[in-house]
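From first to last, the protein sequence lines are chains A and B. Here the numbering used here is used: the first residue of the first sequence is 75, the next is one more, and so on. Here the numbering used here is used: the first residue of the second sequence is 751, the next is one more, and so on. Built from N, CA and C at the ideal position, the CB exists for glycine as well. Here the structure is a predicted model, which means the values were calculated and not measured.
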Amino acid sequence: MTMVKEKLNYIKEVVPKYWPIGNFIHHNPLTGFEKKNFREALKLAKDIFEANVYMPVNYYVSLYEDGKIKQHILEENLAKVLKEHGLSEHFHEARTFLIEISPRWESFRSYKLAKEMCPDEELIEFLKSKSQFKDTRCLIEHNTKYFTLYEYIDAIFDTDKKELIEKDIIEYISRFLDQEQTTISMYQRHLGMFNTFKLYEGIDFEGTAEEFIEDILKKLKIKEDKISDYFLAHLLKQAGWAGFIKYRESDDYYYWQQEYPASLIDYLAVRLYYEWKYIKNEKINNFEELEKFIQENKEFVALKILKYKNKLPPKYVDMLENGISSKETLKKYVSEELELDALQIQLSKNELPTFEGDLIEYARFVEVLKEEEGFIWLKSLEDSYIETYVNEFFSSSKAPKDRLLASLVMCIDVRSEAIRRYMERIGPYDTYGIAGFLRMPITFIEFDKNHEQFLCPAIIKPNNVIFELPKDNLEEYKSKKGFTKTLKKVLNDLKNNPYTPFITVEAIGWLFGINLFGKTFFPKQVDKFFAKFRPKKPKTIYMIDKLSDEEIELFAKKVHFKIIEEVASNFLKRGLTEVEIENIWKHLVFGESLSFDVPKDLLEKLKNIYNITKEDYEFQKRKLSQVGFSLDEQVMYLENFLKTIGLVKNFPKFVLIVGHGSKSDNNPFESALDCGACGGNVSFPNARTMCLIANRKEVREKLKERGIEIPDDVKFIPGLHNTTTDEITFEDTEILTEEEEKLFAKVLDDIKFATSRSREERIKTLPYTETEEDIFIKSMDWSEPRPEWGLSKNVAAYVGKRESLKHLSLYNRFFMVSYDWKVDDEKASILTSLFSGPLIVGEWINMEHYFSTVDNEVFGAGSKVYHNIVSKVGVFYGNYSDLKIGLPTQTVLLEDKPYHEPVRLIVFLEAPLDLALKAAQQSSLANPVIMNEWIRLVLIDEKEGKIYKLEDGEFKLIKELECCIV
Amino acid sequence: MEILLLILLAGVPYYLLVEKTLGKYTFFVSASLLVLGLMLMLLTGTDCSQNKICILAAILTSVFTTYKALKTTNLYKLTNYFIFINSPVYFLFSLEYFIYFTFALLITLLGTYLIGSYYEKNYGSANFYGLGGLALEAPYAGLFLRIYLINLALYPPFPNAVFLFNSMLKDKLDLIWYTVIIVFFFGNFFVAMKILTNTVFGKSNKNIFYVDLEPKEKLFHTVLNVALLVIGIYGLKEVLQ
């Protein structure tokens, strides 16, 4: 491994991956830290990202005052932390400090009060010895962690290099990474990011990107042991772009990466090139020069850096402006800062008269509390939820004796909770929750779409491909599609041609006004009107069976034959017979001799440009062999599905498998509202595929041999839940008999009622929504930044039987995963797969919401109002900025206050302790997440009648069950 | 008389000399001299609008002051500089507009100066460097400073803009007028916008504990704003006539 790669690998983990916005993947921005304990990782992340990792104390205090954080729990957690630090004797003072003093902490640090009080000299000395103010060197180092050389120059000499450098970098990478947003693409992108960059900037360099980096590092004279940190400093400057490139680099299946490869090394080469370009002519252009300058002007540099970081109070900025000596200014600044720190401690101590100990002891006490208070509050909030729910879960509800009319199987997504609850309460129904991909990862190719959708969690790659093919007459669809396609093309051409936009606006601009005003003032009517022009998708079928070997060969050949026919006809200016085509093909693929004269140029073209080769033929065959499922696979997936949810007997008349997706207008984040377990896509194809499989006679017969008997009259019907409007629609109902249709009509009525109640519930939390009608309008309104709350406010996941929480209203805050440990095997296979799939997806969703709430500026995407789509990969602010990762403020905040309650995902798991331990050990993905407490695991062991909480690597008993759960 | 007026109204060359010695009080000296100049003009009826040397000197003062204003982030200094950024129009405006304009300007600058003293009291200096996000963190201070700056940036219908546009409509414009408008307009606009974007808007500074205006201060700024409103209404009436 080269030096550059080695150094980069060392820090690569810190940068969070960012998936393209079209398939928004909720993820933990601190995934790279998951190998560390949550509490320790957050301390580290706070330092690296200079971000908030907990909510402000005021937020927690208000939850405490509202009773959400329970007093005894707060006290327990506080006592534990105090014990860790040997401060147990100050328990009462610590509690008062957390609740009363800490929220006002900054108010004790006031210039006004400083004039009236005298600070304690001994305390000042103590604070100095512990702080960045120890000496000037320490002050500089403390404030320049992850500083690039151009930032030093900007800070010291008041230049704007950073602005110029970052702008150039963003301009290049956004053009290189473009996914057909622009009409004129960058030239020669297939050469890769670095090679294209060399052409772009006219760089005469023969070597690789790594050698190029090494070359610049030499020019910058960076010490060997600082290189990794310097790479990290560069990557953190535009963490969003770096994260996206990191994602591309890691996904071999990503089309754009295959076409136009990019890597973090290339990106670093680009960054370092621009850095060198803009600083090479400066007085200081390497770290040795910088070091020399700092040595000679320590105080001046320290002040300039403090000013650059907005840490220098205004009056010292004045002193700098007025040319007062740096030494004197810095001395004054340091002494005033220390005095203020000391006074802050003295003043706050005055409010704790019972604190026994001197000021220095108190300072140590405050230091511990300020460091740990975020975690104490967060854990107390989580523990309060755990205590509340654990006491509420179990009811004496029993499984019904009569046969149910329908079972509703929905995604574990929190937004299904209300509908499931209402359905269960109004009729002979039960409901199940399973991750939307139904434990059946598929690659889906939708009708009339050319791209693949991976319908499974982002961490899995599917092996089966499902094609959607039309069943109906396509005439009407084709004609409408043709019309809209032509219209779009004409408008695009007019818009993008350099000469026509002005005339276009003058001539037909008013037409857009109809859309603009219509969508703004009458969104419903306009949507209805335009729907008439949209081509309606015809009835379709899915190809769920495997192709035979002959069919595979035939189709693979056909693809090649078609290409040869078209290319050769154009080249030779005549039509080719089938024998001639086959002869050319056999020559190119199997090296057989040609029976007629074919120009060498044509053969070269077919081979090199159109890839008619043996390798491609084998590749096509391999791809085609992935289409559909074998019978065994179908049985296996259906069995997995049924066992996972625990539906293995007492089948109802209808099993309704409902996927979900969202609908909104003008919303780049729409896919964030789709199914997270399907890689940010709509999960309907998985539901439909599973129903098609489950309705097959031969599958049921084979399944019977494995011990699961599905009666013949049971019908599986696929549905789609629109989470924005809470409508559920069903397909493939033509398989129902007349009698069944009547029964199904009753189910539909009940679903209509349940969804209406769910909407009523949501009206209460959605701003500017008073009626159900408003909810529908939100899905069509292009000015609506918050069409739905999505997964905001998620707090917990329940993995177990539905009966345990059926009686509770959980207000769309729980991921509800159906699991019956009695159905699982001894190896805990089902639980292991739940840990590796849904649990990780849930944790990523939860952590994304957590960090986007605690520091939206660093981990979130900011306000949607300023977003512009860039390169079709994400959004940025204005006309250039870092790629915005995470969630927008409109998803997690309401009027600048947190709507989402940031807590770690509390996972309530109904399983015996040994089974849970086995599953946790087996799942390499979930193990660090569980053991390092990125989720809070609460284990309900009904076998032993005990409830445990995982804490500090141990399962601690929190409750004994009086009676066993049903 | 015209040379005396040049000294009083355009500060040539005194303001560079007194700035260091008088510190934050320079504004009051400059404002007093401006009012003195105004009274002299009133009493003597001197009209400098045709004295090209005076106007040229005032334009140079304005350009130089704009440059200086763009270099500083101290509100005390800036209030003083605004007097001189506007100096060419004192010579070009008709006496009546000169009076109203000067009143509106001085009221606005007094308000800005008081915001500077609020900065000094709460954050240690009238320098706003690094003190962003006032509109969110201290909404009242942010609101009042915003009004003053929008007035200084010559946004209609605030009085400064109204009197300028009135004069442009009523006077016969020549090359000097055009030059003055460019210098005057861009000078005021850029400097005011610089303050607006850096302290009223922008990111709030996590290292600073923000405090808003006290009730007494709010009341005083409200009075200043009412005065500005009255002058503005008068100016609008003039436009409509």
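Closest by C-alpha distance to residue 966 (chain B), out of B:891, B:938 and B:988, is B:891. At the C-beta level, residue 787 (chain A) and residue 501 (chain A) stay beyond 9 Å of one another. For residue 945 (chain B), the closest Cβ of chain A is not nearer than 9 Å. Interface flag for residue 955 (chain B) against chain A is set, since a Cβ pair is found closer than 9 Å.
At a cut-off of 9 Å between beta-carbon atoms, residue 865 (chain B) makes no contact with chain A.
For residue 185 (chain A), at least one C-beta of chain B is nearer than 9 Å to its own C-beta. Short of 6 Å from the beta carbon of residue 217 (chain A), and not among the five residues preceding or following it, lie these beta carbons of its own chain, in chain order: 379 and 383. Around the CB of residue 982 (chain B), 16 or more other CB atoms lie within 10 Å, so the residue is classed as buried. The three-state secondary structure of residue 867 (chain A), taken from DSSP, is coil. Straight-line spacing of the CA atoms in residue 854 (chain A) and residue 733 (chain A) works out to 21 Å. DSSP places residue 228 (chain A) in the uninterrupted alpha helix (DSSP H) bounded by 223 to 231. With contacts defined as CB atoms closer than 9 Å, residue 611 (chain A) and residue 551 (chain A) qualify as a contacting pair. Non-local beta-carbon contacts of residue 939 (chain B) in its own chain, meaning distances under 8 Å to residues more than five positions away in sequence, involve 903 and 904 in chain order. Taking each of A:699, A:939, A:558 and A:770 in turn and checking the Cα distance to residue 627 (chain A), the smallest one comes out for A:699. Boundaries around residue 594 (chain A) are those of the alpha helix (DSSP H), 575 to 595, since no beta strand (DSSP E) includes it. The Cβ atoms of residue 983 (chain A) and residue 961 (chain A) lie no closer than 9 Å to each other.
The beta carbon of residue 128 (chain A) does not come within 9 Å of any beta carbon belonging to chain B, so the residue lies off that interface. Here residue 787 (chain B) is buried. Its C-beta has 16 or more other C-beta atoms within 10 Å. One Cα belongs to residue 239 (chain A), the other to residue 343 (chain A), and the distance between them is close to 13 Å. The beta-carbon of residue 220 (chain A) is placed no less than 9 Å from the nearest beta-carbon of chain B. Residue 893 (chain B) and residue 971 (chain B) have their C-alpha atoms some 10 Å from each other. The count of Cβ pairs closer than 8 Å, one atom from the region 249 to 257 of chain A and one from the region 962 to 975 of chain A, stays below three, leaving the stretches out of contact. In the three-state reduction of the DSSP assignment, residue 77 (chain A) falls in the helix class, which pools H, G and I. Residue 388 (chain A) belongs to the set of residues whose beta carbon lies under 9 Å from a beta carbon in chain B. Look at residue 391 (chain A): its C-beta is under 9 Å from a C-beta on chain B. For residue 935 (chain B), the closest C-alpha among the options B:809, B:798 and B:947 is that of B:809.
Within the region 165 to 185 of chain A, the residues whose Cβ lies closer than 8 Å to any Cβ of chain B are, in chain order, 180, 181, 183, 184 and 185.
Here residue 866 (chain A) has 923, 965, 966, 973 and 974 as same chain residues with Cβ atoms under 7 Å from its own Cβ, once five neighbours each way along the sequence are excluded. Contacts with chain B (Cβ-Cβ distance below 8 Å) from the region 113 to 137 of chain A involve no residue at all.
Straight across, the Cα-Cα distance linking residue 819 (chain A) with residue 811 (chain A) is about 12 Å.
Excluding the 5 residues flanking it on each side, residue 760 (chain A) has same chain C-beta neighbours closer than 7 Å at 510, 511, 512, 514, 516, 529, 733 and 752, in chain order.
The beta carbon of residue 490 (chain A) sits closer than 6 Å to the beta carbons of 484 from its chain, once the five residues preceding and following it are set aside; these are given in chain order.
Excluding the 5 residues flanking it on each side, residue 418 (chain A) has same chain C-beta neighbours closer than 7 Å at 182 and 183, in chain order. Secondary-structure assignment with DSSP links residue 890 (chain A) through a beta bridge to A:872. Bounds of any beta strand (DSSP E) do not take in residue 97 (chain A), whose DSSP letter is neither H nor E. Among the residues facing chain B, residue 381 (chain A) is included, as its CB has a counterpart in that chain under 9 Å away.
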